[in-house]
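In the numbering used here, the protein residues as written are 1 to 579.
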């Protein structure tokens with residue numbers, strides 16, 4: 001017989017957990033005491049629970065393992081909510097353990113009691129409270145199984161303090177049997193044959209690839225499929241890297257800030273073969289005008305995602321890797337020659353290139369920042385992490401991703417404050433890789449306290465703050481659609497400012513805050529770059545650091561905007577290419 005806390009630690013070891021992101025509190029004290037001295041499990045102390053779950057998220061996305069976190073009850077648990085929703089939208093496997101008041105006082109409004117199971121039920125794959133010591137091992141085993149199988153996602157396990165003190169069976173289950181949960185990963189052979197037959201009739205086919213291919217670790221087999229069929233490829237933001245971005249068949253991203261050629265290809269294709277994407281509004285634009293000439297084939301592991309937003313002609317339910325491997329076994333000799341179609345798309349890319357640098361601009365441009373990042377990590381294994389905003393779009397338009405690189409970003413929920421903590425998690429999970437965090441001056445300040453975590457863990461993360469002194473993505477919409485009225489978007493604003501200043505005048509304090517001094521206050525390295533030469537010098541110095549994070553504040557003009565742009569709810573034909 002062992003205590004619940006002992007079985008908890010045993011379960012983590014059995015599940016291969018080597019890193020636990022934890023923030024202490026009253027109702028998990030026994031658990032933390034049980035973990036004391038366990039050399040096989042490294043405890044990471046973030047500075048806020050929201051950052052904590054983003055760190056577990058970044059760890060999971062960058063390693064392919066389940067991210068695991070432990071927080072106390074009440075506010076400790078509720079601080080996880082945004083991070084849980086972030087992981088849920090992007091199909092990230094997390095197991096979140098929350099402390100809870102003893103079962104005898106549940107429902108009495110006890111100190112730090114909240115119904116976290118009820119709060120998170122709609123944003124988790126599974127959310128459960130352990131109410132009996134005999135169920136503890138089974139519930140933890142099921143939590144890990146559910147989180148990482150089928151369509152991955154977050155699972156929450158609520159642990160009342162008295163349950164964890166009780167004695168019970170020391171056995172931890174070796175397998176699970178959940179009658180109501182049996183994820184399907186195999187694909188229907190008949191549907192695969194139908195898909196090939198449809199491709200044989202196509203003259204202008206197009207692959208649209210989403211995050212499901214990267215989640216299934218299927219970029220290698222997908223690249224082989226594209227090369228075998230010679231069909232051009234576009235991706236969502238989350239699908240970037242499913243084929244090397246310098247591959248001759250890769251066209252670019254599609255959607256709100258996708259390239260002209262990619263969006264035009266969607267409009268002109270006659271068969272759209274989508275793998276692992278939800279067809280959310282950011283990539284479809286106006287749904288009634290999306291891919292108007294195309295028959296649609298859709299592979300997805302989630303039955304609910306098929307034909308939910310876009311009508312699908314051939315649905316294929318199953319794991320992306322399994323489906324692609326099944327396709328590779330097929331005979332594609334009946335396909336047409338698509339070379340003229342590929343060349344037509346490439347001509348659109350030449351006519352309307354994405355990310356063209358403003359050569360006449362004397363300062364630093366967003367494209368120059370990304371070109372410099374691509375250069376410094378060219379020969380290295382790297383994880384590129386972004387926050388959310390204009391810098392995220394510039395990054396996903398310009399960053400090069402191949403088999404040695406990985407992109408980590410908040411796609412579905414668009415969570416500001418994600419970047420720095422996710423980069424910390426990525427570095428902890430990948431100590432031998434270069435970790436580049438690209439963030440904005442807005443997003444950085446949402447979780448800037450995690451600089452203390454990065455310093456404490458001696459992590460050589462390189463943090464590029466793209467500083468335009470505004471909440472840039474919102475300002476861009478205000479500039480284009482609200483007659484250049486900029487309420488609550490200027491990050492240098494002072495109460496004593498002249499109101500007209502918000503209409504474009506530039507009589508502001510130069511740095512607010514001074515990120516270089518902030519970095520130094522945390523005992524990190526702080527540098528500022530006003531041009532490309534200064535940036536590349538700072539990057540080269542930062543790459544030499546082995547135990548300290550480096551902040552490089554990249555000063556850019558506030559008037560830079562992300563183009564192309566398709567306004568929310570508009571069709572691709574209404575794309576904005578210049579202003």
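Glycine included, each C-beta is placed from N, C-alpha and C at the ideal position.
Around the beta-carbon of residue 481, fewer than 16 other beta-carbon atoms lie within 10 Å, marking it exposed.
When the Cα atoms are used, residue 206 and residue 578 turn out to be separated by approximately 26 Å. About 11 Å separates the beta carbon of residue 105 from that of residue 73, a gap too long to meet the 8 Å contact definition. Burial of residue 225 is indicated by the presence of at least 16 other C-beta atoms within 10 angstroms of its C-beta. In the DSSP assignment, residue 537 falls within the unbroken alpha helix (DSSP H) covering 532-542. Residue 487 counts as exposed, since fewer than 16 other beta carbons sit within 10 angstroms of its beta carbon. In summary, residue 45 is exposed, with fewer than 16 beta-carbon neighbours lying within 10 Å of its beta-carbon over all protein chains present.
With respect to the C-alpha of residue 291, the residue from 121, 313 and 443 having the closest C-alpha is 313. In the three-state reduction of the DSSP assignment, residue 494 falls in the coil class, being assigned neither a helical nor a strand state.
Given a length threshold of 4 residues, each whole run of the alpha helix (DSSP H) inside the stretch 267-310 is given here in chain order: 281-284. A distance below 8 Å separates the beta carbons of residue 471 and residue 491. By alpha-carbon distance to residue 184, the top candidate from 513, 304 and 533 is 304. Taking the Cβ atoms as the reference, residue 391 lies roughly 22 Å from residue 453, outside the contact range of under 8 Å.
Taking a contact as a CB-CB distance under 8 Å, the pair residue 227 and residue 335 does not count as one, their CB atoms being some 13 Å apart. Out of 273, 342 and 344, the CA that lies nearest to the CA of residue 323 is found in 273. Only residues of its own chain outside the window of five on either side were considered, and among them 556 and 558 have a CB closer than 6 Å to the CB of residue 468, listed in chain order. Look at residue 38 here: in three-state DSSP terms it is coil, with no helix or strand label. In this structure, DSSP gives residue 100 an extended state, which the three-state scheme calls strand. When the five nearest sequence neighbours on each side are left out, the beta carbons in the same chain lying within less than 7 Å of the beta carbon of residue 186 are those of 318 and 322, in order along the chain.
For the 8 Å CB-CB criterion, residue 243 and residue 265 do not form a contact. According to the DSSP secondary-structure assignment, residue 19 is paired through a beta bridge with 42. Restricting attention to 276, 238 and 31, the CA atom closest to the CA of residue 393 is found in 238. Using a Cβ distance threshold of 8 Å, residue 373 and residue 399 count as a contacting pair. In the DSSP assignment, residue 579 falls outside any beta strand (DSSP E), carrying neither H nor E.
For the alpha helix (DSSP H) assignment, the uninterrupted runs of no fewer than 4 residues enclosed by the stretch 400-465 are, from N- to C-terminal side, 419-429, 441-444 and 451-456. In its chain, beyond the 5 residues on either side, 305 have a beta carbon closer than 6 Å to the beta carbon of residue 278. Pairing residue 387 with residue 444 gives a Cβ-Cβ distance under 8 Å. From the listed residues 241, 194, 262 and 97, the smallest Cα separation to residue 295 is found for 194. In the pairwise beta carbon analysis, the stretch 79-97 is classified as touching the stretch 64-71: at least three pairs are separated by under 8 Å. Taking a C-beta distance under 8 Å as the contact criterion, residue 354 and residue 564 qualify as a contact pair. DSSP places residue 388 in the coil class of the three-state scheme, outside both helix and strand. For residue 474, the enclosing alpha helix (DSSP H) covers residues 472-481.
If you draw a 10 Å sphere on the C-beta of residue 256, you find 16 or more other C-beta atoms in it, and that means buried. A distance below 6 Å between beta-carbons, with the five flanking residues on each side excluded, links residue 341 to the following residues of its chain, in chain order: 204. Restricted to the stretch 321-388, the alpha helix (DSSP H) segments that are unbroken, complete and at least 4 residues in length are 339-351 and 366-376, listed in chain order. For residue 553, the uninterrupted beta strand (DSSP E) run begins and ends at 550-555, by DSSP.
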